[in-house]
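The opening residue of the sequence shown carries number 677 in my numbering; numbering runs sequentially from there. Everything below concerns the one structure shown next.
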Amino acid sequence: MKKVSLSIKITMLLIAMTTMMSNVAIVTALPHLKDYFSDTKNIEFLSRMMITLPSLAIAFLAPVLGHFVYKIGRKKSALIALLLFTVMGSSGLYLDTMNLLLFSRFMLGIAIATLMIVSTSLIGDYFQGEARHKFMGQQGAFISLGGVVFVVGGGILSDINWRYSFAIYTIGFLLIPLVYTFLNEKVIDNFVVEDDSDLNANLFFIYFLAFLLMLVFYILPTQIPFLIMNHFNASGTMAGAIIATAFISNGIGAITFRKFKQRFTHAQIYIIGMIIIGFGFIAIGLVHNVYFFFLTSPIMGFGGGILMTNMTAWMLSRTHHTQRIHKSAYLTSALFLGQFFSPIIFHPVVSYFSIEYFFTVVGIGVLSLTLFNYVLLNRQIYKKDL
677 MKKVSLSIKI TMLLIAMTTM MSNVAIVTAL PHLKDYFSDT KNIEFLSRMM
727 ITLPSLAIAF LAPVLGHFVY KIGRKKSALI ALLLFTVMGS SGLYLDTMNL
777 LLFSRFMLGI AIATLMIVST SLIGDYFQGE ARHKFMGQQG AFISLGGVVF
827 VVGGGILSDI NWRYSFAIYT IGFLLIPLVY TFLNEKVIDN FVVEDDSDLN
877 ANLFFIYFLA FLLMLVFYIL PTQIPFLIMN HFNASGTMAG AIIATAFISN
927 GIGAITFRKF KQRFTHAQIY IIGMIIIGFG FIAIGLVHNV YFFFLTSPIM
977 GFGGGILMTN MTAWMLSRTH HTQRIHKSAY LTSALFLGQF FSPIIFHPVV
1027 SYFSIEYFFT VVGIGVLSLT LFNYVLLNRQ IYKKDL
């Protein structure tokens, strides 16, 4: 197999950064948004929807967009998506009604879905085996680095004016020339022959586990800013710095995945990662001094870094190269369906227990659910590493 050039790797890393971490650029602006639109009914719920509404578009349109990407090619799809990503992502700079802002977030979701399908399928084409696991770890670390820049930058900008954090999305304009110059369709010619009879099986179970992962992990960006800023009266900059530490730990977890995979199956890694996330929730819930969030939030970040990398690697390992675009689309749909339903499902839980006790309750629930998943994964049908 020919060595992948550094320019292609960097381009792919940058694309992945926009797909996985771009939403968090405005998380610290959400409490400010609630104040600006205080006369709008249900603004507390709608402000949370600003970060998860793109997930609705992705969850339901990703399978359709997969066919679109397959038809016109990944390079053209990426260029169109980056333009849409930039225009709609930065809409908070110039739109002044909640309805239009929510619509722009939905359109942003279409762009993110397309970019994620392109990114995931290209990893399967350009890399194989241990090289794939290594690159995916590097990708996770790079995404986390971008997340640090986005969250800290967004927090600082949101303290000045909530609109300014939306300017971060203009990074899409910088990526367009890189994609146009370096990104190419990969022709599969010398990969190890895959056993078709052993591929594309049990993928819906993988999609379901990906949905559960994102359902609980997305509590971090959608709920913790309200705990930090409203309950502890901290600034957006402080909230952004705390979430940034989780992203740094997320990157460490992604790099660590390669080592985990050498010792455990994908199914076992899923169980380990969810246990880490569960204890991370409980640790966050026990915090009584805002500075201790710098110690507790990285626990969740580390577990999430392992699991996000694991889910993509798991899917690619079970997918024939002729089906990578379509299967990547379904995985994208599952992940972002979890993102969309996260605030909807957990909003009543927050209202009932209050944000102060919410994280402890969820942590106990995650550990219980993980035990249930452990039982499923050890049944006869799941004994084989999917």
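All C-beta atoms in this analysis are idealised placements derived from N, C-alpha and C, irrespective of residue type, glycine included.
I847 and V1051 have their alpha carbons spaced roughly 44 Å apart. Collapsing the DSSP output to three states places D715 in coil. CA-to-CA, the gap between M726 and Q899 works out to about 13 Å. If you draw a 10 Å sphere on the C-beta of S820, you find 16 or more other C-beta atoms in it, and that means buried. For secondary structure counted as the alpha helix (DSSP H) over 4 or more consecutive residues, the stretch 933-972 holds these complete runs in sequence order: 942-961. Note that the C-beta distance between L729 and F761 is not below 8 Å.
When the five nearest sequence neighbours on each side are left out, the beta carbons in the same chain lying within less than 6 Å of the beta carbon of I945 are those of F936 and N986, in order along the chain.
Exclusion of the five residues before and after L771 leaves L777 and S780 as the residues of its chain whose Cβ lies within less than 8 Å of its Cβ.
Nearest neighbour of I924 by Cα position, chosen from Y746, F970 and N775, turns out to be F970.
Take S723, set aside five residues on each side of it, and the residues of its chain with a beta-carbon closer than 8 Å to its own are L706, P707, L709, K710 and F713, in chain order. DSSP, read as helix, strand or coil, puts R839 in helix. A check of alpha carbon separations from G830 across N718, I960 and A920 identifies A920 as the nearest.
Apart from the 5 residues on each side of it in sequence, L903 sits with its Cβ closer than 7 Å to the Cβ of I1031 in its chain, given in chain order. By the CB criterion at 8 Å, I684 and L850 fall outside the cutoff.
The C-alpha of K752 lies about 22 Å from the C-alpha of Q815.
Counting only runs of at least 4 residues, the stretch 772-827 fully encloses the following alpha helix (DSSP H) elements, listed from N- to C-terminal order: 774-802. The criterion of a C-beta distance shorter than 8 Å is not satisfied by F1022 and L732. Three or more beta-carbon pairs separated by less than 8 Å link the stretch 785-801 to the stretch 992-1005, which places the two stretches in contact. The shortest C-alpha to C-alpha distance from Y856 to any of L879, G927, G822 and R750 is the one to R750. Taking a contact to require three or more Cβ pairs closer than 8 Å, the stretch 987-998 and the stretch 906-920 do not qualify as touching.
When the beta-carbon positions are compared, A915 and G977 stay at least 8 Å from each other. 8 Å or more divides the Cβ of Y845 from the Cβ of S973. In this structure, the CA atom of A807 is about 46 Å from the CA atom of S1027.
For V703, the three-state secondary structure derived from DSSP is helix.
Remark: C-beta atoms of G1041 and G961 do not approach each other more closely than 8 Å. The shortest C-alpha to C-alpha distance from F955 to any of R934, T1046, H942 and A843 is the one to T1046. Going by beta carbons, I734 and F1012 fall inside the 8 Å limit. H964 and L758 have their C-alpha atoms roughly 42 Å apart.
Taking the Cα of V763 as reference, the smallest distance to any Cα among L784, Y746, M774 and L755 is reached at L784. Looking at T695, P1024, Y1033 and T704, the one whose alpha-carbon comes closest to that of I836 is T704. In the structure shown, F744 falls within a helical segment according to DSSP collapsed to helix, strand and coil. The beta carbon of G1014 lies closer than 6 Å to those of F887, M890 and L891 in the same chain, with the five residues before and after it left out. The three-state reading of DSSP puts G749 in coil, since its state is none of H, G, I, E or B. Around the beta carbon of H907, fewer than 16 other beta carbons lie within 10 angstroms, which makes this residue exposed. Per DSSP, the continuous alpha helix (DSSP H) segment holding A1010 begins and ends at R1000 to F1029.
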